[in-house]
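Student: Just so we're aligned, residue 3 is where the sequence shown starts under the numbering used here, counting upward by one. Virtual Cβ for every residue (Gly too), placed ideally from N, Cα, C. Note that the structure is a prediction, hence the values are computed from the model and not measured.
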Amino acid sequence: MILMRYCKSCLIPDTRPNGEFDESGRCRACLFAADQVDVNFDQRLYDLECRLEALVRHRRRHRWNCIVGVSGGKDSHRQALWVRDRLGLKPLLVSIGYPPRQQAHVGPQNLANLISLGFDCISISPGPRTSRELVREGFLRFGNWQKATEMALFSGVQQVAISRGIDLVLWGENPALQVGDTGSMGEDIWDGNNLRNLNTLAGGNVEWFDEVLSDSRKSALYRFPTHVELARDGVNTIFLGPAWSDWSFSVNTAVALLEGFRLRVRSPEETGDLYASCQIDEDWTILNAMIKWLKFGFGQGTEQANALIRSGLISREEGVEIATRLDGACDDANISTFCDYIGISTEAFWATVVEWTNRELFEIKAAGRPTPRFIPGTDFVGAG
Ligand SMILES: [Zn+2]
3 MILMRYCKSC
13 LIPDTRPNGE
23 FDESGRCRAC
33 LFAADQVDVN
43 FDQRLYDLEC
53 RLEALVRHRR
63 RHRWNCIVGV
73 SGGKDSHRQA
83 LWVRDRLGLK
93 PLLVSIGYPP
103 RQQAHVGPQN
113 LANLISLGFD
123 CISISPGPRT
133 SRELVREGFL
143 RFGNWQKATE
153 MALFSGVQQV
163 AISRGIDLVL
173 WGENPALQVG
183 DTGSMGEDIW
193 DGNNLRNLNT
203 LAGGNVEWFD
213 EVLSDSRKSA
223 LYRFPTHVEL
233 ARDGVNTIFL
243 GPAWSDWSFS
253 VNTAVALLEG
263 FRLRVRSPEE
273 TGDLYASCQI
283 DEDWTILNAM
293 IKWLKFGFGQ
303 GTEQANALIR
313 SGLISREEGV
323 EIATRLDGAC
333 DDANISTFCD
343 YIGISTEAFW
353 ATVVEWTNRE
363 LFEIKAAGRP
373 TPRFIPGTDF
383 VGAG
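#1: Given a cut-off of 8 Å, decide if Cys123 and Ser157 are closer than it, judged by their beta-carbon atoms.
#2: Can Arg53 and Ile168 be called in contact, C-beta distance under 8 Å?
#3: Look up Val41 in the DSSP assignment and say whether it is helix, strand or coil.
#4: Please go through the stretch 50 to 106 and give each complete alpha helix (DSSP H) segment of 4 or more residues, from N-terminal end onward.
#5: Arg7 to Leu57, Cα distance in whole Å?
#6: Tell whether a beta-carbon distance below 8 Å holds between Thr326 and Pro270.
#7: Can you tell me the Cβ-Cβ gap for Ile134 and Ile366, rounded? I've got them flagged as a contact below 8 Å.
#8: Any chance you could list the residues with Cβ under 7 Å from a heavy atom of ligand 1, keeping chain order?
#9: Counting C-beta neighbours from all protein chains within 10 Å, is the total for Arg234 16 or more, i.e. buried, or is it exposed?
#10: May I ask you to list the residues that DSSP assigns as paired with Glu365?
#11: Identify which residue in Ala245, Gln104, Phe121, Phe34 has its Cα closest to the Cα of Asp342.
#12: With distances taken from CA atoms, which of Gln306, Arg264, Gly236, Gly174 is nearest Arg166?
#13: Assign Trp192 to one of three DSSP states: helix, strand, or coil.
#14: For Val15, which beta-bridge partners are listed by DSSP?
#15: Keeping to the same chain, check which residues put their C-beta closer than 8 Å to that of Trp66; ignore five residues upstream and five downstream.
#16: From the DSSP output, in three-state form, read off Phe144 for me.
#17: Once the 5 residues before and after Leu276 are set aside, which same chain residues still bring their CB inside 6 Å of it?
#18: Would you mind stating whether Ile14 and Asn308 have Cβ atoms separated by less than 8 Å?
#19: Buried or exposed: which applies to Ala368, given that a residue is buried once 16 or more other Cβ atoms fall within 10 Å of its Cβ?
#20: Which residues in the same chain have their Cβ closer than 7 Å to the Cβ of Ile164, if we skip the five residues on either side of it in sequence?
#21: Can you tell me whether Ala303 is buried or exposed? The criterion is at least 16 other CB atoms within 10 Å of its CB, across all chains shown.
#22: Tell me the DSSP bridge mates of Asp122?
#23: State yes or no: is the C-beta of Met153 within less than 8 Å of the C-beta of Val208?
#24: Only counting the same chain, and skipping five residues up and downstream in sequence, which positions put a Cβ closer than 8 Å to that of Asp381?
#25: From the DSSP output, read off the bridge partner residues of Trp173.
#26: Alpha carbon to alpha carbon, what distance is there between Val322 and Ile337?
#27: Is there contact between the stretch 107 to 115 and the stretch 143 to 150, where contact requires at least three CB pairs shorter than 8 Å?
#28: Between which two residues does the alpha helix (DSSP H) containing Glu305 stretch?
#29: If you run the structure through DSSP and keep just helix, strand and coil, what is Val162?
#30: What's the gap between the Cα of Gly188 and the Cα of Phe351?
#31: List the whole-angstrom C-beta distance separating Gly74 from Asn112, where the pair is believed to meet the contact cut-off of C-beta under 8 Å.
#32: Output the distance between the C-alpha atoms of Cys280 and Lys76, rounded to the nearest integer angstrom.
#33: If you drop the 5 nearest sequence neighbours on each side, which residues of the same chain put their C-beta closer than 8 Å to that of Val159?
#34: Take Asp283 as the anchor and find which of Asp49, Pro102, Arg46, Pro244 has the nearest alpha-carbon.
#35: Hey, would you say Arg80 sits closer than 8 Å to Val267, going by beta carbons?
Listed below in structure tokens is the structure:
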């Protein structure tokens, strides 16, 4: 019996939530990348501009006519500049930050850089105690400390759209097309109004919050506005990614660096990140990448290798080497600061991680980290 089947073109396994392969055995992201060769991007850009023109016409005289959610990272820089300088829009940037104990110094520096580039930015930080409670419970209950944080990121941006009366929200990549998370598929390639169904947002379901928090008002930032609330205020969410021919790790990083973005250099073996440019504003996303690897059999090395394979920059074999070397990479020091933050021992951390580890894919040892039984890129046949 095959326990884990791989896409024929890249290294994504069929254990990915919301992922699906076509009859030729290729994932949606690869099919999308292959289709890009034939796409007329001038036409796409024109289509996007027409669509946006109709949506912002009534806000011509306003200071802002759209909202762009930003973290301050390389992609945020690229996106904010593209929206303003290429599309000619007037964006209000909205940043949902981390609480102080989590945030690395370079995060606010990069956000400040965006402001110095002439953007207006609203920055919202979640309540530190509430955030810590939800991070702790997300980890202990679901093996995913980011469960609540990701909700705040998306929900907060939509909430500002409603509270500020700005009825257009722009996101970069369309996750259904570009990453293969089909749950969020809208009516067409631009339509982001189904964002709540992203795998990470689980339809905006926050019932578990009420069991964790003493007062449901504390979770307000994490609640994705309902379809009714968004429709009442006419809020539209549009993806820019389909009109973007050169959206990539490397191009976005290069553009951001030229505009004053700062990196925080760490080794790939420490973080699983080839470019030292992802999630640099805090240290615990890599814990989640490691746990994802233990749950589903793929991690950040695989994700980055896949992007390079789809761009034609490396072969699938070279990708296997990257995935093998970097998947599951996570420095002990980062695990230690995380445990200190949520108030558990490292033994308790590993006990929870092992609970979430797929035992068919990984061997659990009495001491040390779980080790993979599979080879990235090779369909994995279980023992039975
Ligand atoms: Zn693929």
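Tutor: Reading from the atomic positions:
#1: Remark: C-beta atoms of Ser157 and Cys123 do not approach each other more closely than 8 Å.
#2: no
#3: Three-state result, Val41: coil.
#4: Listed in chain order, they are 76 to 83.
#5: 43 Å
#6: no
#7: Before going on, a small fix: residue 134 reads as Arg here, not Ile. Arg134 to Ile366, Cβ: 29 Å. No contact.
#8: Selection output, chain order preserved: Cys9, Ser11, Cys12, Ile14, Arg28, Cys29, Ala31, Cys32, Asn308.
#9: exposed
#10: In DSSP, Glu365 forms a bridge with Thr373.
#11: Gln104
#12: Gly236
#13: coil
#14: The sequence given here places Pro at residue 15; Val does not occur at that position. Pro15 is bridged to Tyr8.
#15: Answer for Trp66: Lys92, Pro93, Leu94, Asp122, Arg166, Ile168, listed in chain order.
#16: helix
#17: Pro270, Gln306
#18: yes
#19: With a 10 Å radius around the Cβ and a threshold of 16 neighbouring Cβ atoms, Ala368 comes out exposed.
#20: Pro227, Glu231, Asp235, Val237
#21: First, the residue type needs correcting, since residue 303 is Gly and not Ala in the sequence shown. Its Cβ being crowded by 16 or more others within 10 Å, Gly303 is buried.
#22: Leu94
#23: yes
#24: For Asp381, where only same-chain residues beyond five positions count, the Cβ hits under 8 Å are Ile4, Met6, Arg7, Tyr8.
#25: Beta-bridge partners assigned by DSSP to Trp173: Phe241.
#26: 26 Å
#27: no
#28: Glu305 -> alpha helix (DSSP H) spans 302 to 312.
#29: In the displayed model, Val162 falls within a helix according to three-state DSSP.
#30: Answer to the nearest angstrom: the Cα atoms are 38 Å apart.
#31: 4 Å
#32: 8 Å
#33: In the same chain as Val159, and ignoring 5 residues on each side of it, the C-beta atoms closer than 8 Å to its own belong to Ile69, Gly71, Val96, Ile98, Val171, in chain order.
#34: Pro102
#35: no
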